[in-house]
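Numbering (the working numbering), first residue to last: 187 to 436. For reference, the structure is listed below as structure tokens.
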Amino acid sequence: MSALLDARGLRLAFGGVKAADGIDLSVMAGEFLAIIGPNGAGKTTFINMATGYLRPQAGTITYDGAEITGRPPREIVRRGIARSFQLPQLFSEHTVEQNIALAIASRAGIFSPLAPLLRPAWREEGAELLERFGLLPVARQRADALNEGTRKLADIAMAVALKPRLLLMDEPTSGVAASEKMAVVETLVRVLRQAGVTAVFVEHDMDVVERFADRVAVWSQGRIAALGPPAEVLADPAVQRDVIGIARHA
Ligand SMILES: Nc1ncnc2c1ncn2[C@@H]1O[C@H](COP(=O)(O)OP(=O)(O)OP(=O)(O)O)[C@@H](O)[C@H]1O
Ligand SMILES: [Mg+2]
């Protein structure tokens, strides 16, 4: 397997806080890599650097063989990296299908609320995407009327509408009711695997990590403290003490 994304020596400090203190990480094509670690460890900071929302003060990020360090988010999306946010970024007053249509149109550089009307092909593509995510029943509902699990899926469907090869998801299950959580993850993993998308996801639920991650990276104070298969990493006493013992249950 070859590295799709390669981060070397990433550093970024906010005042005295080292949010990234020498991050080296290769994300392999086709894998699902989970990022775990306590609050404030720098997990979101890594995603922000990889997607152009933050520029590292040192280090390089290479994607598909080209350096993308510090490139703007829109260019990075165009190259094939999409993301979802800790808090879903849906247009709350629009319906689910309108949100998806806007994402599809933005891929073509069109950022208009009328975009869905422009091309019937986009409507079809949107319906097909909603079907894959099991969102057809809520297609006509406003985004702000959705429960959290459905909102998360809709947010990820928007990211998938950008046709990424790599998707970085910041806490796709946070705020999702425990009873819904596994179904949400099963759906998104099935869609992403079918589409051949490589995925990095920040996760606080160790059951989800154990079941769906090929590898897990443990973040601690801006560094990667452990990296490997979940069965190995989650059994590490230091990880159990420092991460799992204080895992946040959202
Ligand atoms: N834009 C910013 N300005 C100042 N400090 C920041 C900024 N972004 C992050 N930080 C700080 O950097 C550190 C790492 O933050 P980050 O959001 O990456 O952590 P995290 O691992 O995602 O935590 P959480 O699990 O709470 O989401 C924290 O101390 C945070 O307060
Ligand atoms: Mg975070």
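The beta-carbon is built from N, C-alpha and C at its ideal position, and this holds for glycine as well. Owing to the predicted nature of the structure, the values given are computational and were not obtained by experimental measurement.
Beyond the five residues adjoining it in sequence on each side, GLN272 comes within less than 7 Å, by CB distance, of THR230, ASP356, GLU357, SER360 in the same chain, given in chain order. For ASP422, there is no enclosing alpha helix (DSSP H), since its DSSP letter is neither H nor E.
Burial check for ASP391: the Cβ neighbour count within 10 Å reaches 16 or more, so the residue is buried.
A heavy atom of ligand 2 is found nearer than 7 Å to the CB of LYS229.
If you draw a straight line from the Cα of GLU389 to the Cα of GLY295, it is about 31 Å long. With a beta-carbon spacing of about 7 Å, LEU352 and VAL213 fall inside the 8 Å limit used to define contacts.
Straight-line measurement puts the Cα of THR248 at about 6 Å from the Cα of ILE254.
Rounded to the nearest angstrom, the Cβ distance from ASP400 to LEU288 is 32 Å, too far for a contact under 8 Å. Each of ALA193, ILE221, GLY201, ARG309 was checked against the Cα of ASP210, and the nearest Cα belongs to ALA193.
Under the three-state reduction of DSSP output, LYS204 falls in the strand class. VAL425 is positioned such that its CB atom lies no closer than 8 Å to that of PRO416. In the three-state scheme derived from DSSP, where H, G and I count as helix and E and B as strand, GLY295 is classed as coil. Here DSSP, grouped into helix, strand and coil, assigns PHE319 to coil. In this structure, ligand 1 has no non-hydrogen atom nearer than 7 Å to the beta-carbon of ALA294.
A straight line joining the alpha-carbon of GLY238 with that of PHE232 spans about 10 Å. Counting along the chain, the unbroken alpha helix (DSSP H) around LEU374 starts and ends at 364–380.
Comparing C-alpha distances from LYS204 to each of GLU418, GLY408, PRO423 shows the shortest one belongs to GLY408. Checking the DSSP bridge columns, you'll see LEU198 partnered with ALA206. Under the 10 Å beta carbon count, PHE319 is surrounded by 16 or more other beta carbons and is classified as buried. Under the three-state reduction of DSSP, GLY251 is assigned to coil, being neither helix nor strand.
With respect to ASP341, SER270 sits close: the two C-beta atoms are nearer than 8 Å.
No Cβ-Cβ contact shorter than 8 Å links ILE222 with VAL362.
Beta-bridge pairing by DSSP links LEU354 to ARG269, VAL386. For ARG241, the secondary structure class from DSSP, reduced to helix, strand or coil, is coil.
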